[in-house]
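One line per chain: the protein sequences are A and B, in this order.
If you read the first sequence in our numbering, its first letter stands for residue 1, the second for the next number, and so on.
If you read the second sequence in our numbering, its first letter stands for residue 657, the second for the next number, and so on.
Cβ atoms here follow ideal geometry from the backbone N, Cα and C, with glycine treated the same way.
Please read these numbers as outputs of a predicted model, since none were measured by experiment.
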Amino acid sequence: MSTIVGIEPVDGTPAVASTIESASLFRRLLRRPAAVVSMVWLAIVVVVAIAAPIIWPHVATQNAGDIFDVLKGPSWQHLLGTDSDGRDVLQRLLVGTRVTMLGVAEAVLVTLAIGVPAGLTAGYFGGRTDRALGWLTDLTLSLPGLAVVFVVLSIFPDSMLAGMVTLGVILSPYTTRVVRSATLPIREELYIAAAQVAGLSRSYIIVRHVLSRIVGVVIVLGAIYAATALVTQTGLAYLGLIVRLPAPSWGGMVGDGIAALTNQSWLIWPPGIAMTLTVVAFGLLGDSVRDVTAERWSVASVQRPSRRLARPVAGAVVAPPVPASATDALLRVENLTVAFGSKGSVRVIDDVSFDISAGEAVGLVGESGCGKTVTAMSLIRLLPGDGEIVGGRIVFDGRDLACLPEKELRRVRGSEIGLISQEPMVSLNPAFRVGWQLALSVRTHDGLSRRAAHARAVELLRSVHLPDPELVARRYPHELSGGMAQRVAIARALAGEPKLLIADEPTTALDVTVQAEILELLRELQRERGMAILLVTHDWGVVADLCDRAVVMYAGQVVERAALTPLFREPLHPYTRALLLSDPHNALGGDELPWIPGGVPKPGFWPQGCHFHPRCRYATEACRQRPIPLEHPADARQTRCIHHDRLHHDQLSVVQ
Amino acid sequence: MVRNPVVRVVVRRLYLAVPLLFVVSALSFLLSSLAPTNVLDVLLPNGSPAQYVALAHRLGLDQPVYEQYWHWLVHALGGNLGTSYTTGQGVKALIVQRFPVTLSLVVPTVVVMFLVGVGAGVVSAVHGGAVGRLIDSLTLVGFALPAFWVGAVLVSFFAVKIHLLPAIGYVSLAQSPGDWARSMVLPVVALSLLPIAVMARQTREAMMDVLASEHVRMAWANGIPPRVIFFKLALKNASMRAVTVGGLQVIGLLTGTVFVEQVFSLPGLGSGLDTAASTGDLPVTQGIVVFFTVVIVAINLIVDLLYAVLDPRVRTS
């Protein structure tokens, strides 16, 4: 089969795989205490539901017990006491389990029997079938569910079957929706296509290959509906609508307890606790199955990115006094080290140092995953997840930002250091007008009145050359193009008149013509406002356009620092050189673009010695043994390479 | 085609409402024709054959089901939902009389749900950790405790044991606002546990998603104070989910009142449903279901309109 269609079935033989999966699902559940406790409790409930009416057959028809012993609390004779007719509460509770669980089973079976096939059909066939079922689902969801159950009970009095079947029907659209959305991705998988080409019947494919994959989802739904059905069944039994007296049921016993509440408040507790524990057991079982199946899916499918909150992080280091600045740098980063993970276990930025003078533009260059963005974001202490500055200093305008209290740092963000990001469209809040968002920034920094802030916002929009700024101010972000959104983002960053602008890949997401316009705008702002720019990018063309100097990063470290002209003429680190050679701007037409073999090692997997040595053609034994320090081969030049003079000779012979 | 998107939303909702009301009302006639027991046996346990025929004729039960339905439909469109089999009261009058009671139970519950549920969700999203776990476990408890049982426990403590609040009975708001409030405290608490739990959990999820988004990161980078980021910016983004959940919960509450009204002897629509169902009073159950369906259509419409208020993309696209 696979040779004919040229694709391999993903799961081997799915029928066999599904049996194995169900078995492993159960084994995984056994490893979770909550799941085990729930399953044990539910098993006890089921055994009681079957056995109790057989052991005490008279209880179901018993109208009165010991009439001289009514409403007694727990005693040795009656472990849970007696009710208002002198009947033993424990016996009634155990015998009443059957009708309660029977009602639950009826509703759950009906809802799954309708919802699972409907969801599979809608998801598998799609198109018109899907739309028709979707319409029916919407319709059913708009019904006043429980009230329909009452209509049915007024037509079929005392019929628990009619009531619970109706409840099952009312709940089925939720099942349909969930099963449908679980089926959709499976339907797209290759082995389904292979099975179709092999001529297997649709019903066979649906049952064998699709249904077997959504067993987990169905169990989760079953558990949720069992909990819902139990609450509803006991409620209806409490109202006396589905269980004919004197037969006991948990809901009915709560009703008896409420009737006797002024004389004996004990009676509501035994059935209440039984109900609550059983509902919790269903809930925990459902949660556990969901977690276990999600675990399994995440191994096979794409790893879901963990949800990380980009939040300010506390300064890590106790503030040492900042010595009077040796140079006149606006920003001086010294030995900055950033780590992720609990207790800062994984270093992502290692001993990074560079500086930026007032009004200067510096490029931070490297491949993705080298730590450029983390470095830039740590300057204003906005690290994702559990990122933390574990060492070094960030001296800006005479203060160390690495250990400035959060409250003071907030005054630096936006008003002294501005940020524009890679994705202008999502960097603005979709729920507020552009003008309002700009005015919010203006008010935060200047404390202007609303009206003055709005006027200033319009002025800012004009200063980034947006045509008709009044109109743009009234727009929502989704009404802007990418280029307009980036101009708005720049205008917002200018609201606090920062001395330094961090531009994180500001043109990557934009069209080529728009890129040039945005770069022109940044150049103009730098020139006219004397604003320093830290440009994070992987694009040498952008660096060449805007920057005076460049800092090249590789695997969390600075590998080279130099002014742009000497760097372009004569890179002194093999990585810089390779990066320059692989730049598309340098390639001649028809030439194959040179590329760097291998990839950037992930944090935590940095090689010993020089981080670049596995990809480096100059690497020697010395490169593998110990960390490489930054060297000063020439004035205002630094490189983290011990072979820079070999590189120097190479340049002379190779480049030209 | 209608240009204004808001009008379009309204029109689409109403389009769905017509077949919905048709299905709901037709269903009960269809089911009653399948009923195993004749309603006449219930109303006239020992009647003579002549009395049967007379009663059947008076109630219109001697006609074919589709004619009965047509008859009902024509009257319903004129605002007449029929009369109760057992009391002879007009169904419309019964709804007018009982709906205020249900409303005075549902409205405070919805207010409590939004205040406490959204508040707890936001607080746990902002503070995380222990508060978040606490809310998760409270959610489970909220799911697991049936409202009528919670009602019974509340009565046994606050009314029977410490005599702080009345156990049962209803005082209308117009009659005495103070007594009305006292009579509503326990029922509202019993009814609101589940919606609060659901709302808190969903709000927390929504807030966590928003706080992880790029525009919130940029707001931090702009130096916007945390107070503004959490309660002005992110809360508006998260409120869409809260409104969706709120709408579904209100729909659930309407019928959820049936159990709580019984515990506290409140003469609302829920206990009307209960009484009618136990006496086989089909015109009443049917009338209330049709009425609830109309209310649900209205709630869904309000939710759609709130979307348009909260999300500019709905309004302008």
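With respect to A/Leu-285, A/Leu-42 sits close: the two C-beta atoms are nearer than 8 Å. If one requires a minimum length of 4 residues, the alpha helix (DSSP H) runs lying completely within the region 858–920 of chain B are 870–877 and 891–919, in chain order.
Contact check between the region 920–939 of chain B and the region 752–766 of chain B: three or more CB pairs, one atom from each, fall below 8 Å, which counts as touching. Contact annotation: the region 154–165 of chain A does not touch the region 119–133 of chain A, with fewer than three C-beta pairs closer than 8 Å. Counting only runs of 3+ residues, no beta strand (DSSP E) is found wholly inside the region 449–473 of chain A.
Under the Cβ criterion (8 Å, minimum of three pairs), the region 667–681 of chain B counts as touching the region 945–960 of chain B. Apart from sequence neighbours up to five positions away, the residues of its chain that approach B/Pro-851 with a beta-carbon distance below 6 Å are Met-769 and Gln-905, ordered along the chain. The region 391–401 of chain A makes no contact with the region 531–544 of chain A; the number of CB pairs closer than 8 Å stays below 3. By the Cβ criterion, the region 207–217 of chain A is not in contact with the region 80–88 of chain A, since fewer than three pairs of Cβ atoms, one from each stretch, lie closer than 8 Å.
Going by C-alpha positions, A/Gly-199 is about 23 Å away from A/Asp-130. Close to chain B, meaning a Cβ-Cβ distance shorter than 7 Å, are the following residues of the region 258–281 of chain A: Ile-258, Leu-261, Thr-262, Ser-265, Ile-268, Gly-272, Met-275, Thr-276, Val-279 and Val-280. Among the residues facing chain A, B/Leu-929 is included, as its CB has a counterpart in that chain under 8 Å away.
Between A/Pro-173 and the set A/Ser-142, A/Thr-137, A/Glu-189 and A/Met-164, the nearest pair of CA atoms involves A/Thr-137. In the DSSP assignment, the residues bridged to B/Gly-746 are B/Thr-739. At a cut-off of 8 Å between beta carbons, A/Gly-283 contacts chain B. Using beta-carbon distances, A/His-478 counts as an interface residue toward chain B, with a partner under 8 Å. DSSP, reduced to helix, strand and coil, places A/Gly-418 within a strand of the structure shown. Interface with chain B (8 Å Cβ-Cβ cutoff): A/His-445 is included. Inclusion of A/Ile-417 and A/Leu-379 in the CB contact set at 8 Å is warranted, their separation being smaller than that value. Straight through space, the alpha carbons of B/Val-965 and B/Gly-734 are spaced by roughly 34 Å. Here the C-alpha atom of B/Ile-818 lies approximately 19 Å from the C-alpha atom of B/Val-844. Under the three-pair Cβ rule at 8 Å, the region 366–380 of chain A counts as touching the region 538–555 of chain A. Distance between A/Ile-224 and A/Ile-273, taken at the CA atoms: about 19 Å. Here B/Ser-689 carries a helix assignment [DSSP, helix/strand/coil].
Residues of chain B with a Cβ closer than 8 Å to the Cβ of A/Asp-138 are, in chain order, Leu-672. With contact defined as three or more Cβ pairs closer than 8 Å, the region 571–585 of chain A and the region 635–644 of chain A are in contact. Close partners of A/Ser-427 in chain B (Cβ separation under 7 Å): Glu-870, His-871 and Met-874.
DSSP, reduced to helix, strand and coil, places A/Asp-88 within a strand of the structure shown. Look at B/Gly-798: its C-beta is not under 8 Å from any C-beta on chain A.
With a cut-off of 8 Å on Cβ pairs, the region 137–155 of chain A is in contact with the region 909–922 of chain B, counting three or more such pairs.
A/Trp-606 and A/Leu-580 do not touch by the CB rule: their CB atoms are close to 23 Å apart, not below 8 Å. Close to chain B, meaning a Cβ-Cβ distance shorter than 7 Å, are the following residues of the region 356–381 of chain A: Ile-380. Residue pairing for A/Val-333: DSSP places it in a beta bridge opposite A/Phe-354 and A/Ile-394. When the Cα atoms are used, A/Leu-25 and A/Val-218 turn out to be separated by approximately 13 Å. One finds nothing in chain B with a Cβ atom closer than 8 Å to the Cβ of A/Thr-97; even the nearest lies about 16 Å away. For B/Trp-805, the nearest CB of chain A lies under 8 Å from its own CB, placing it at the interface with that chain.
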